[in-house]
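Numbering (the numbering used here), first residue to last: 146 to 438. Note that beta-carbon positions come from the ideal geometry of N, C-alpha and C, so glycine has one too. It should be emphasised that the depicted structure is a prediction, and the values quoted were computed from it without experimental measurement.
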């Protein structure tokens, strides 16, 4: 089969979205709610670089793509595979590996040291393709969803906690609170880049910010829920979560929390007690490209 690889341009986005719909029509997770604007904004949030992203063409038809994001990640210049999609009839041809090999020299040229991605643990074909391309599993994530009728309100909350909206720049000062690095799509940098509506609520005790929660309405997702280390066990997270569910969400509206590190048993316990149900697991995978020729 004759096909060509090339780097993309932002002007290719309408065609990319059409190919995205075709490629993800049979995906493990239902992607039918991902409209053109939502996907575009998601890629802004993820810092997608179109000129570092790869398309596979069969004559004039775009049949596959890998969308590459870049940022300083864990202290080093890093790339992230925000999406790889291949139309069904073109799968099994090694295109995933070919796109990775195609983009590596460009990433290396600008000092990128690692390329990360996330993949659903049940997507065995994709995992096999990524491992063949040299990726290794580095972390395990769990994803959860709350249906409104399943919410279990806490027996008590912290009545002294003042909750009010805070500016997105305020949470930059809280990065030292993390016990583990959020996933690329949930990072503080990603929150800062969200181009449409986001809700960031801070929890204050005696005027001091002691916790916050980030809710992204377009995706029905809580991206971050973080409490200062010295204020844990004071129901700050419980109170912030309860506020979002009871006062921010519509009565019929559910909410998702994606990519909780499986080592974070405290957050997982908080979510399950509140009625969240596990939906899917993901692997974070990484490819070291710094030392490759």
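- The segment 303–323 makes contact with the segment 342–357; the number of CB pairs closer than 8 Å reaches 3 or more.
- Here the alpha carbon of residue 186 sits roughly 12 Å from the alpha carbon of residue 343.
- Under the three-state reduction of DSSP, residue 291 is assigned to strand.
- If you draw a straight line from the Cα of residue 259 to the Cα of residue 192, it comes to about 16 Å.
- Straight through space, the alpha carbons of residue 390 and residue 339 are spaced by roughly 21 Å.
- Beta-carbon to beta-carbon, residue 365 and residue 399 are separated by about 6 Å, close enough to satisfy the 8 Å threshold.
- Annotated three-state conformation of residue 244 is helix, per DSSP.
- Per DSSP, residue 401 is one residue of the beta strand (DSSP E) stretching across 400–406.
- Boundaries of the alpha helix (DSSP H) harbouring residue 182: 181–190, taken from the DSSP string.
- In this structure the segment 194–212 touches the segment 241–254; the number of beta carbon pairs closer than 8 Å is three or more.
- Judged by beta-carbon spacing, residue 423 lies beyond the 8 Å limit of residue 264, meaning their Cβ atoms are not closer than that value.
- Contact between residue 432 and residue 280 is confirmed by a C-beta separation of about 5 Å, below the 8 Å threshold.
- Per the C-alpha coordinates, the member of 197, 358, 152, 334 positioned closest to residue 255 is 197.
- For the pair residue 368 and residue 355, the CB atoms are not nearer than the 8 Å cut-off.
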